[in-house]
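Before any comments, here is the structure.
Chains as they are written, first to last, in the working numbering: chain A, 602 to 790; chain B, 602 to 790.
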């Protein structure tokens, strides 16, 4: 998606270790008019699939997910991160390893909001190692719901998450796909 | 706001200890079409005040804030919760006490996104003891920005936050104001 790629080139900042910071428009300050254009693109890609629920993960996926949900006319559920093991039987839970923070956390979603009849689109801001996305897919599978696909704002295609999950048959649509960070600049592909 | 009050009566669940659960439409599963109506009401209340930035706090404020920001045509910033003391000088920080969890955490916002010229509307899903709202107001003050007011989805008016902050001159507009929880049912006022 050209608009997003141009915005990344204009306002993204590449830090040491190839970390791309997009917190001026995507995940700290949020440009909701850009999100509106992204939502249109997700709708174009996934319309006609009968999607009735959007699943995301707190915190930075929530804004994009909500504005995308307006396009689909469906609700959003966000999986919550928790460090306390939930012993109640009323949630689906999955373990996620954070490579950024070197920690592991559980994500949970209430069973009452993810149902076998649901056709689910996962929305998130980033895809890199794919740990969060795998965790979300696991929640969808545990619920017996149908996963239609995942809509991602920015995929770091030089990290293994996208390839790994596509090879398992997951449909992933990333609006900006960074194939390398040459000389401190994202290169799309 | 009648639509929200009716929805609370229909889908809200009152748990032991007077806890109101609205996670089927507000803060776990999110009804974005309801959020759209709430956004219109916030816009009606605060239009003409020159608001150019909406500030909220992760996680459950983000959805309402983003959809409200569409009405105002401005970006959202969300304050991040953190347990690690941030020693870098590039963020404003404030301490928030969580009465629900019996813990204290820091909230931070990057200095580059909250500026002295900004006219800020704070949006959040709940107001009870007012700790989170006080923390957000403190960030706005630290930045030297102007606080126009706070738009809250549900205020528990039988808890002290709203009164305390209004008496300090903060304009707070709550779309549903619960004055008591008699017999396990919210009473609005």
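Idealized CB from N, CA, C, for every residue including glycine.
Starting from residue i, trace the beta strand (DSSP E) both ways and give me its first and last residue.
{"i": "residue 677 of chain B", "result": "677 to 683"}
{"i": "residue 712 of chain A", "result": "Element bounds for residue 712 of chain A: n/a, residue is neither H nor E."}
{"i": "residue 701 of chain B", "result": "Note, residue 701 of chain B: premise wrong, no beta strand (DSSP E); not H, not E."}
{"i": "residue 748 of chain B", "result": "747 to 757"}
{"i": "residue 776 of chain A", "result": "773 to 783"}
{"i": "residue 656 of chain A", "result": "654 to 658"}
{"i": "residue 761 of chain A", "result": "Here residue 761 of chain A belongs to no beta strand (DSSP E), and DSSP marks it neither H nor E."}
{"i": "residue 789 of chain B", "result": "786 to 789"}
If you draw a straight line from the C-alpha of residue i to the C-alpha of residue j, how long is it?
{"i": "residue 715 of chain B", "j": "residue 663 of chain B", "result": "17 angstroms"}
{"i": "residue 732 of chain A", "j": "residue 764 of chain A", "result": "13 angstroms"}
{"i": "residue 641 of chain A", "j": "residue 671 of chain B", "result": "15 angstroms"}
{"i": "residue 718 of chain B", "j": "residue 747 of chain B", "result": "7 angstroms"}
{"i": "residue 646 of chain A", "j": "residue 790 of chain A", "result": "18 angstroms"}
{"i": "residue 603 of chain A", "j": "residue 769 of chain B", "result": "47 angstroms"}
{"i": "residue 691 of chain B", "j": "residue 697 of chain B", "result": "19 angstroms"}
{"i": "residue 744 of chain B", "j": "residue 738 of chain B", "result": "10 angstroms"}
{"i": "residue 773 of chain A", "j": "residue 681 of chain B", "result": "28 angstroms"}
{"i": "residue 630 of chain B", "j": "residue 675 of chain A", "result": "10 angstroms"}
{"i": "residue 606 of chain B", "j": "residue 704 of chain B", "result": "30 angstroms"}
{"i": "residue 625 of chain B", "j": "residue 751 of chain A", "result": "23 angstroms"}
{"i": "residue 759 of chain A", "j": "residue 702 of chain A", "result": "19 angstroms"}
{"i": "residue 627 of chain B", "j": "residue 784 of chain A", "result": "44 angstroms"}
{"i": "residue 706 of chain A", "j": "residue 779 of chain A", "result": "27 angstroms"}
{"i": "residue 788 of chain A", "j": "residue 757 of chain A", "result": "10 angstroms"}
{"i": "residue 608 of chain A", "j": "residue 700 of chain B", "result": "40 angstroms"}
{"i": "residue 776 of chain B", "j": "residue 617 of chain A", "result": "45 angstroms"}
{"i": "residue 755 of chain A", "j": "residue 611 of chain B", "result": "39 angstroms"}
{"i": "residue 634 of chain B", "j": "residue 673 of chain A", "result": "11 angstroms"}
{"i": "residue 643 of chain B", "j": "residue 720 of chain B", "result": "15 angstroms"}
{"i": "residue 632 of chain B", "j": "residue 767 of chain A", "result": "30 angstroms"}
{"i": "residue 771 of chain B", "j": "residue 639 of chain A", "result": "35 angstroms"}
{"i": "residue 658 of chain A", "j": "residue 736 of chain B", "result": "24 angstroms"}
{"i": "residue 683 of chain B", "j": "residue 621 of chain A", "result": "21 angstroms"}
{"i": "residue 740 of chain B", "j": "residue 740 of chain A", "result": "36 angstroms"}
Between residue i and residue j, how many whole angstroms is the CB-CB distance? I'm expecting something under 8 angstroms.
{"i": "residue 619 of chain A", "j": "residue 782 of chain A", "result": "5 angstroms"}
{"i": "residue 728 of chain A", "j": "residue 722 of chain A", "result": "With 8 angstroms as the limit, residue 728 of chain A and residue 722 of chain A do not qualify as a contact, their Cβ atoms being about 14 angstroms apart."}
{"i": "residue 678 of chain A", "j": "residue 694 of chain A", "result": "Their Cβ separation, rounded to whole angstroms, is 14 angstroms, which puts residue 678 of chain A and residue 694 of chain A out of contact at 8 angstroms."}
{"i": "residue 725 of chain B", "j": "residue 753 of chain B", "result": "6 angstroms"}
{"i": "residue 637 of chain B", "j": "residue 668 of chain B", "result": "6 angstroms"}
{"i": "residue 786 of chain A", "j": "residue 615 of chain A", "result": "7 angstroms"}
{"i": "residue 762 of chain A", "j": "residue 742 of chain A", "result": "That belief does not hold up - the Cβ atoms of residue 762 of chain A and residue 742 of chain A are roughly 17 angstroms apart, past 8 angstroms."}
In terms of residues, what are the limits of the alpha helix (DSSP H) holding residue i?
{"i": "residue 740 of chain A", "result": "732 to 743"}
{"i": "residue 665 of chain A", "result": "663 to 673"}
{"i": "residue 636 of chain B", "result": "633 to 647"}
{"i": "residue 612 of chain B", "result": "603 to 612"}
{"i": "residue 728 of chain B", "result": "Looking at the DSSP string, residue 728 of chain B is not in any alpha helix (DSSP H); the run it does join, the beta strand (DSSP E), is 720 to 728."}
{"i": "residue 621 of chain B", "result": "It is not in any alpha helix (DSSP H) - residue 621 of chain B instead sits in the beta strand (DSSP E) that spans 620 to 622."}
{"i": "residue 769 of chain A", "result": "Neither: residue 769 of chain A is in no alpha helix (DSSP H) and is coded neither H nor E."}
CB of residue i to nearest heavy atom of the ligand NAD: below 7 angstroms?
{"i": "residue 755 of chain A", "result": "The model depicted lacks the ligand NAD and carries no ligand whatsoever."}
### Query
Would you call the region 637 to 657 of chain A and the region 639 to 655 of chain B touching, i.e. three or more CB-CB distances under 8 angstroms?
no
### Task
Say whether the region 696 to 713 of chain B touches the region 663 to 676 of chain B, bearing in mind that this needs 3 or more beta-carbon pairs closer than 8 angstroms, one atom from each stretch.
no
### Short-range partners of chain A found in the region 761 to 779 of chain B, where Cβ spacing is below 9 angstroms
none
### Message
If the cut-off is 8 angstroms on Cβ atoms, which residues from the region 629 to 658 of chain B count as contacting chain A, listed in chain order?
### Response
629, 630, 631, 632, 633, 634, 636, 637
### Task
Mind checking the region 657 to 673 of chain A against chain B and listing, in chain order, the residues whose C-beta falls within less than 7 angstroms of any C-beta there?
659, 660, 663, 664, 667, 668, 670, 671
### Message
If the cut-off is 7 angstroms on Cβ atoms, which residues from the region 698 to 717 of chain B count as contacting chain A, listed in chain order?
### Response
711, 714
### Task
Mind checking the region 611 to 626 of chain A against chain B and listing, in chain order, the residues whose C-beta falls within less than 8 angstroms of any C-beta there?
624, 625, 626
### Query
When you check each C-beta in the region 735 to 751 of chain A against every C-beta of chain B, which residues fall closer than 7 angstroms?
none
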